[in-house]
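Residue numbers (this note's numbering), protein chains in the order written: chain R, 30 to 322; chain U, 350 to 861; chain W, 6 to 359. The structure under discussion appears below in the form of structure tokens.
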Amino acid sequence: MSQQVKNRAALRAATRAYRLRLVLARILRYLLLSLGLVIMVFPFYWMISSAFKTAAEMNLFPPSLAPRNWFNLDNFRIAFEKAPFARYFLNSVLVMLGSVTATAFTTILAAFAFSRLRFRGRELLFSLLLSMMMVPFEMLIITNYQTIINIGLNDTLYALILPFISSIFYTYILRNFFQSLPDGLYWSARVDGCTNWKYLWKVMVPIARPSLVTIILLNALASWNSFMWPLLVIKSDLMRTLPFGLYTFTTEVGANYELLMAASSVVVLPMVLLFLFARKQIVRGVARGGIKG
Amino acid sequence: MSGHPAPRAPFRPRRAGPRRVLVHIALFFLLGAISLGLGLQGRALLVGHAAQLEGSLLVDTLLEGAAQRLRGALVGEDSPQALARAVDTGISSRKRLLKVEIARQVQEDQPNQDIARMALDTLAQGVLARAGEEDRPALQALYEAQAPVLATGLGEAADQLERGFSLARVRLNLAVGVPNYPLMYYYTPLLALGAFLLLFAAALAYTYWRGDEEKRAAVGQRLEPMDYLLPFFMGVIAFTLFPMVRVVIMSFQERYRLDGSFAGWGLGNYEHVLQGVPGTTNYFLQGLSNTLLYVLFTVPLATALAIVIAYLLNQRLRFSALFQTGYFLPMVTSVTAVGLVWRWIFNRNFGVLNAILGWFGLAPVNWLHAASNSMTVLVIFGVWSSLPFTIILLLSGLQNIDETYYTVARVDGARAPRIFRRITVPLLAPTISLVLIINSISAFKVFTEVKVLFSGYAGPALNMYTMVYYIYDMMYEYRELGRAAAAAIVLFVFILAFTMMQRWIQRRWQYE
Amino acid sequence: MQVRMEGLTKHFGATRAVQDFTVTLASGELVCLLGPSGCGKSTVLNMLSGIVPVTAGKIYFDEEDVTNLPPEQRGIGLVFQNYALYPHMTVMGNITFPLEIQKVPPREREARAREMADLVHMGGLLARKPRQLSGGQQQRVAIARALVKNPRLLLLDEPLSNLDARLRLEMREEIRRIQQETRVTTIFVTHDQEEAMSISDHIVLMKDGFLQQHAAPQELYNQPANQFVADFLGNPPINNFEGSISGGCFVMADGARVCLPGFAALKEGQEVRLAVRAESFVLAEGPAGDRLACRVDSVYQMGKEEMAVLTFGGTPLRAYIPSEEGLKPGDQVHLGLKDRGVFLFDSHTGERYL
Numbered sequence: 030m031s032q033q034v035k036n037r038a039a040l041r042a043a044t045r046a047y048r049l050r051l052v053l054a055r056i057l058r059y060l061l062l063s064l065g066l067v068i069m070v071f072p073f074y075w076m077i078s079s080a081f082k083t084a085a086e087m088n089l090f091p092p093s094l095a096p097r098n099w100f101n102l103d104n105f106r107i108a109f110e111k112a113p114f115a116r117y118f119l120n121s122v123l124v125m126l127g128s129v130t131a132t133a134f135t136t137i138l139a140a141f142a143f144s145r146l147r148f149r150g151r152e153l154l155f156s157l158l159l160s161m162m163m164v165p166f167e168m169l170i171i172t173n174y175q176t177i178i179n180i181g182l183n184d185t186l187y188a189l190i191l192p193f194i195s196s197i198f199y200t201y202i203l204r205n206f207f208q209s210l211p212d213g214l215y216w217s218a219r220v221d222g223c224t225n226w227k228y229l230w231k232v233m234v235p236i237a238r239p240s241l242v243t244i245i246l247l248n249a250l251a252s253w254n255s256f257m258w259p260l261l262v263i264k265s266d267l268m269r270t271l272p273f274g275l276y277t278f279t280t281e282v283g284a285n286y287e288l289l290m291a292a293s294s295v296v297v298l299p300m301v302l303l304f305l306f307a308r309k310q311i312v313r314g315v316a317r318g319g320i321k322g
Numbered sequence: 350m351s352g353h354p355a356p357r358a359p360f361r362p363r364r365a366g367p368r369r370v371l372v373h374i375a376l377f378f379l380l381g382a383i384s385l386g387l388g389l390q391g392r393a394l395l396v397g398h399a400a401q402l403e404g405s406l407l408v409d410t411l412l413e414g415a416a417q418r419l420r421g422a423l424v425g426e427d428s429p430q431a432l433a434r435a436v437d438t439g440i441s442s443r444k445r446l447l448k449v450e451i452a453r454q455v456q457e458d459q460p461n462q463d464i465a466r467m468a469l470d471t472l473a474q475g476v477l478a479r480a481g482e483e484d485r486p487a488l489q490a491l492y493e494a495q496a497p498v499l500a501t502g503l504g505e506a507a508d509q510l511e512r513g514f515s516l517a518r519v520r521l522n523l524a525v526g527v528p529n530y531p532l533m534y535y536y537t538p539l540l541a542l543g544a545f546l547l548l549f550a551a552a553l554a555y556t557y558w559r560g561d562e563e564k565r566a567a568v569g570q571r572l573e574p575m576d577y578l579l580p581f582f583m584g585v586i587a588f589t590l591f592p593m594v595r596v597v598i599m600s601f602q603e604r605y606r607l608d609g610s611f612a613g614w615g616l617g618n619y620e621h622v623l624q625g626v627p628g629t630t631n632y633f634l635q636g637l638s639n640t641l642l643y644v645l646f647t648v649p650l651a652t653a654l655a656i657v658i659a660y661l662l663n664q665r666l667r668f669s670a671l672f673q674t675g676y677f678l679p680m681v682t683s684v685t686a687v688g689l690v691w692r693w694i695f696n697r698n699f700g701v702l703n704a705i706l707g708w709f710g711l712a713p714v715n716w717l718h719a720a721s722n723s724m725t726v727l728v729i730f731g732v733w734s735s736l737p738f739t740i741i742l743l744l745s746g747l748q749n750i751d752e753t754y755y756t757v758a759r760v761d762g763a764r765a766p767r768i769f770r771r772i773t774v775p776l777l778a779p780t781i782s783l784v785l786i787i788n789s790i791s792a793f794k795v796f797t798e799v800k801v802l803f804s805g806y807a808g809p810a811l812n813m814y815t816m817v818y819y820i821y822d823m824m825y826e827y828r829e830l831g832r833a834a835a836a837a838i839v840l841f842v843f844i845l846a847f848t849m850m851q852r853w854i855q856r857r858w859q860y861e
Numbered sequence: 006m007q008v009r010m011e012g013l014t015k016h017f018g019a020t021r022a023v024q025d026f027t028v029t030l031a032s033g034e035l036v037c038l039l040g041p042s043g044c045g046k047s048t049v050l051n052m053l054s055g056i057v058p059v060t061a062g063k064i065y066f067d068e069e070d071v072t073n074l075p076p077e078q079r080g081i082g083l084v085f086q087n088y089a090l091y092p093h094m095t096v097m098g099n100i101t102f103p104l105e106i107q108k109v110p111p112r113e114r115e116a117r118a119r120e121m122a123d124l125v126h127m128g129g130l131l132a133r134k135p136r137q138l139s140g141g142q143q144q145r146v147a148i149a150r151a152l153v154k155n156p157r158l159l160l161l162d163e164p165l166s167n168l169d170a171r172l173r174l175e176m177r178e179e180i181r182r183i184q185q186e187t188r189v190t191t192i193f194v195t196h197d198q199e200e201a202m203s204i205s206d207h208i209v210l211m212k213d214g215f216l217q218q219h220a221a222p223q224e225l226y227n228q229p230a231n232q233f234v235a236d237f238l239g240n241p242p243i244n245n246f247e248g249s250i251s252g253g254c255f256v257m258a259d260g261a262r263v264c265l266p267g268f269a270a271l272k273e274g275q276e277v278r279l280a281v282r283a284e285s286f287v288l289a290e291g292p293a294g295d296r297l298a299c300r301v302d303s304v305y306q307m308g309k310e311e312m313a314v315l316t317f318g319g320t321p322l323r324a325y326i327p328s329e330e331g332l333k334p335g336d337q338v339h340l341g342l343k344d345r346g347v348f349l350f351d352s353h354t355g356e357r358y359l
């Protein structure tokens with residue numbers, strides 16, 4: 030009998046210890062995650078808070094955690110005066126829109142051809158394309174640079190759009206998705222007299238909207254943040270995109286970091302907003318594609 | 350039987366084929382004609398430009414050639430100074446007018462021999478006019494003795510110039526800023542394209558004319574995929590396939606310049622890139638070793654951290670949206686902008702990092718301007734910015750592990766560390782290897798980070814070259830495209846090796 | 006090991022998955038938790054294993070209150086529907102893993118694992134990886150893994166659902182055999198009544214979170230506790246006729262009637278359902294009070310007998326008739342009822358009268 034009592038007591042103690050362990054683990058988890066979160070987010074906070082500091086505040090050591098006046102828009106004003114950020118912004122937007130539209134267009138058409146249309150050598154051609162996918166852009170950049178200059182398009186926004194209108198990667202993703210749609214859907218439409226073109230735009234594209242949105246988002250991100258290519262191809266100040274413009278701005282203002290931070294905030298803000306809006310889509314797209322945005 | 354509708358004819362959709370063929374015929378004909386026209390125009394422009402060029406070249410050759418030869422004939426090593434000076438001034442006095450006259454005669458297509466003779470005569474006259482009384486007869490005699498030979502020689506030189514003058518060379522040596530440059534440069538491909546399109550249109554037209562409804566529809570059917578693929582493939586061919594091939598070729602063209610000229614074929618680019626010039630720093634090798642070190646440090650570190658974070662995130666958490674947003678934010682922001690913040694954080698005098706070090710009583714570090722710290726700076730930034738993407742992939746991999754594995758193990762009494770070690774990590778292994786490879790490939794291409802962190806230079810003491818930075822430098826600063834190409838090929842070889850490894854590992858570790 | 010559940014209840018928010026479930030399962034038996042989807046059988050299993058906490062009630066393993074014990078301390082073996090074999094370990098690795106956790110020395114581990122593997126007839130495949138095994142083989146390994154630590158209770162969640170029909174037959178006999186050899190108290194969950202009937206010592210039938218009946222298979226079949234039990238077991242499903250009691254006879258809406266001795270005891274006008282199993286009909290010569298007048302609609306040949314679909318009182322019924330009788334559609338026949346397989350249930354409550 031006492032053995033039973035002892036057992037029960039031991040059991041209760043074990044259960045209590047178990048529960049305690051669980052709680053401790055939970056606390057530790059939140060603690061670690063929060064620490065990591067702070068480290069990840071801190072540079073952004075620093076960027077924003079510095080954007081509102083005065084030059085004097087910037088030259089404090091140890092640095093102050095928050096600006097005295099959170100509504101001090103001076104830095105933004107000065108930055109916009111010193112460099113045509115509005116123009117840079119416009120350029121970035123134009124390039125992004127153009128690039129996204131053109132790429133979406135070619136991708137949709139090509140993915141359709143590779144998934145729905147039958148023609149000789151289709152699979153061979155596609156696997157050749159796939160093998161080209163791993164060629165890094167940094168290798169192609171040399172000839173593309175030469176080509177753009179030869180065509181006379183350097184220093185224009187077209188140069189920033191043209192080389193990217195065909196993306197093998199996005200076509201691969203979309204084609205896989207198209208292939209997952211059942212044949213029956215297509216044939217019943219065909220039997221009703223639906224043309225391929227109509228089927229593509231009225232049936233397949235609407236169904237593929239999640240995938241397309243992902244592709245468009247990733248494409249927009251890449252276009253907005255691209256740096257090396259504009260660096261090469263654009264010379265005149267008015268044709269620069271935001272990251273490039275920001276970069277040249279640094280050489281102008283040198284030590285006035287508060288202006289730089291204000292400008293950086295402007296560059297970063299649209300993508301942050303986009304991310305807040307479409308976080309789930311972007312994350313899912315990245316996970317699926319396994320490639321950087 | 351009320352209001353029974355009359356039986357309708359069975360629904361037969363119209364064949365779309367024939368109409369498509371017609372459209373294509375018209376389109377190709379039009380495009381072909383335009384292309385051909387542009388090509389012809391380009392050629393005509395080029396010919397005109399060449400003629401102009403040739404003309405002026407010829408004039409210069411004749412002019413300078415005459416002056417040189419005359420001087421050589423009249424003035425020897427032991428000729429007195431006064432004589433030499435007289436000859437020189439005599440020659441220069443006639444040069445300007447002579448040039449005009451030569452130009453006119455060249456324009457009129459006079460034989461080079463005659464022009465040569467005329468030029469020599471004119472210059473000789475000038476010399477005689479300037480020469481002293483006593484020298485004149487001697488000079489004249491000397492001249493008349495040699496004149497024919499000189500004229501012949503000069504004439505032949507001019508002829509040779511004309512012969513050696515080719516349209517191709519003019520085209521290669523065209524300066525980029527010349528008006529209508531694209532047309533002149535690409536006239537051959539334009540002509541070829543035009544001819545091809547016209548032929549294709551003709552072939553289509555023939556098939557249409559000879560064929561019946563069925564045949565036309567079939568042809569139209571075959572044309573259809575082409576319509577859908579054309580925009581895509583134009584981009585791929587122009588900006589992926591063509592450059593791929595071109596870069597390989599370019600790497601073997603020594604001293605390749607932006608305008609397309611190069612010194613010759615050979616391995617010189619590779620030599621320069623891989624061995625460098627003795628006595629100077631080989632920036633490519635530096636770039637290679639820096640890049641390798643960067644990859645070796647950043648990728649495993651980021652992956653290890655990401656595993657921990659993904660593991661912590663892989664639970665039902667409160668504020669999960671907040672955590673996700675925060676952890677994934679750096680992924681969507683421009684490296685340039687973020688790099689600038691980090692530059693400020695790393696700042697020696699006012700940066701946050703040194704402030705934090707100060708809390709622990711440590712001395713401030715010169716992060717950005719001491720060569721020994723450059724790699725550390727780059728690695729820190731690299732790890733920080735590659736974390737979000739890595740976490741996403743690992744988190745997705747973790748979530749793909751079936752819950753029941755954990756339950757079974759738990760029921761058998763396994764505790765968290767054992768479960769993590771024996772179940773989670775092995776099942777996560779494929780994802781981990783994928784992440785390692787992808788991150789490595791990205792890390793190989795590191796460039797923007799360096800440029801932004803170190804204010805546009807490759808490190809405080811030019812010690813932070815990376816492979817891509819070298820390529821960029823070669824292209825932009827040195828205009829040595831051939832070397833850039835060779836470096837790019839080496840980079841590609843590394844990336845290819847890693848990609849192959851990735852494929853092999855993925856295949857080997859498939860569990861399903 | 007005896008398993009006793011008292012007043013077991015589980016609520017998921019507003020949903021009541023299991024209600025006041027009280028049952029005692031004898032030691033060393035193969036018991037089946039049977040029922041349609043959503044009846045709560047998996048929930049009961051999960052509460053037994055400890056994966057799901059209990060809302061109310063108690064669970065006793067041999068008089069030990071395990072209601073709040075975590076799973077790893079209950080001494081149970083668990084086999085999931087998808088087997089959950091660790092894909093990166095070999096068969097041997099999978100089976101020895103529980104012993105590894107218990108820090109059993111390697112040689113003993115291996116010996117016990119081999120023993121188990123032999124028991125489930127997987128002795129020669131110890132070096133294979135799960136993806137190289139068939140469904141049946143994977144399940145054997147899962148069972149071996151669950152049994153290797155000598156649990157006092159073996160729980161299987163829909164073990165045969167993932168197998169094709171032929172394999173299902175083979176594997177259920179295997180489960181029976183293994184259970185007989187080890188004598189471990191085994192509880193498995195299924196929705197397939199044929200499966201339950203063929204191998205269980207006892208069946209626990211559930212519906213909507215409530216216990217319907219707990220008995221040996223034959224008893225469930227021959228003495229159903231209520232309408233639901235009668236309907237659930239048996240293939241083809243039992244024939245039901247709606248009607249009421251009038252003058253000691255069962256009368257249907259269109260006047261068709263049959264009178265059996267037991268009916269007289271029931272209340273006049275009571276609305277009842279007459280339930281007759283397909284094999285409980287007898288082809289008789291002429292009309293009689295205790296016979297049903299039916300018309301043949303169609304006849305299906307089944308080899309040794311035919312299954313006829315007839316109409317009685319406007320309701321179709323299925324009956325097994327020996328082939329020799331040679332029924333044809335349109336025939337008017339009279340069917341008598343056997344002693345077994347005939348029941349009377351209350352139309353509304355399902356309570357059994359006869």
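Virtual Cβ for every residue (Gly too), placed ideally from N, Cα, C.
Nearest candidate by alpha-carbon position, reference PHE601/U, set LEU654/U, LEU616/U, ALA587/U: Considering only alpha carbons, the answer is LEU616/U.
Cutoff 6 Å; reference GLU861/U; Cβ partners in own chain excluding five residues on either side: The predicted model places GLU861/U with a pLDDT of 46, which falls under 50 and marks its position as unreliable; any figure quoted below should be read in that light. None.
Backbone secondary structure at PHE155/R - three-state DSSP: PHE155/R: helix per DSSP, three-state reduction.
Residues of the region 750 to 771 of chain U whose Cβ lies closer than 7 Å to any Cβ of chain W, in chain order: Contacts with chain W (Cβ-Cβ distance below 7 Å) from the region 750 to 771 of chain U involve ASP751, THR753, TYR754, THR756, VAL757, ARG759, VAL760, ASP761, GLY762, ALA763, ARG767, listed in chain order.
7 Å Cβ shell around LEU532/U - same chain, five flanking residues per side excluded: These residues qualify, in order along the chain: LEU387, GLN390, GLY391, LEU394.
Secondary structure of TYR201/R, DSSP reduced to three states: Here DSSP, grouped into helix, strand and coil, assigns TYR201/R to helix.
Outcome for ARG55/R when other beta-carbon atoms lying within 10 angstroms are tallied against a minimum of 16: With fewer than 16 other Cβ atoms from the protein chains shown falling within 10 Å of its own Cβ, ARG55/R counts as exposed.
Per-residue DSSP class, three states only, for LYS134/W: The three-state reading of DSSP puts LYS134/W in coil, since its state is none of H, G, I, E or B.
Interface residues of chain U facing ASN87/W [CB-CB closer than 7 Å]: Chain order gives the chain U residues near ASN87/W as THR753, where near means a beta carbon separation below 7 Å.
Contact check, ARG828/U vs ARG606/U, beta carbons under 8 Å: Taking 8 Å as the Cβ cut-off, ARG828/U and ARG606/U qualify as a contacting pair.
Selected residue, minimal CA-CA separation from ILE781/U, among TYR754/U, PHE738/U, LEU446/U, THR797/U: Checking every option, the nearest Cα to that of ILE781/U belongs to PHE738/U.
Residues from the region 807 to 825 of chain U in contact with chain R, defined by Cβ distance under 9 Å: In summary, the residues of the region 807 to 825 of chain U whose CB is separated from some CB of chain R by less than 9 Å are MET816, VAL817, ILE820, TYR821, MET823, MET824, TYR825, in the order they occur in the chain.
Near-chain U residues of the region 136 to 156 of chain W - C-beta to any C-beta below 9 Å: Here the close residues are ARG136, ALA147, ARG150, ALA151, LYS154.
Cβ contact (3+ pairs, closer than 8 Å) linking the region 245 to 255 of chain W and the region 206 to 218 of chain W: Result no; under three Cβ-Cβ pairs closer than 8 Å.
The beta strand (DSSP E) enclosing SER303/W, as first and last residue numbers: Residues 296 to 306.
Positions along the region 76 to 100 of chain R whose CB lies within less than 9 Å of some CB in chain U: Within the region 76 to 100 of chain R, the residues whose Cβ lies closer than 9 Å to any Cβ of chain U are, in chain order, MET76, SER79, MET87, ASN88, LEU89, PHE90, PRO91, PRO92.
Simplified DSSP assignment, three categories, for GLU861/U: With a pLDDT of 46 at GLU861/U, under the threshold of 50, the predicted position of this residue should be treated as unreliable, and no value is reported.
Listed by chain order, chain U residues near GLN198/W by CB distance under 7 Å: Residues of chain U whose Cβ lies closer than 7 Å to the Cβ of GLN198/W do not exist; the shortest such Cβ separation is about 26 Å.
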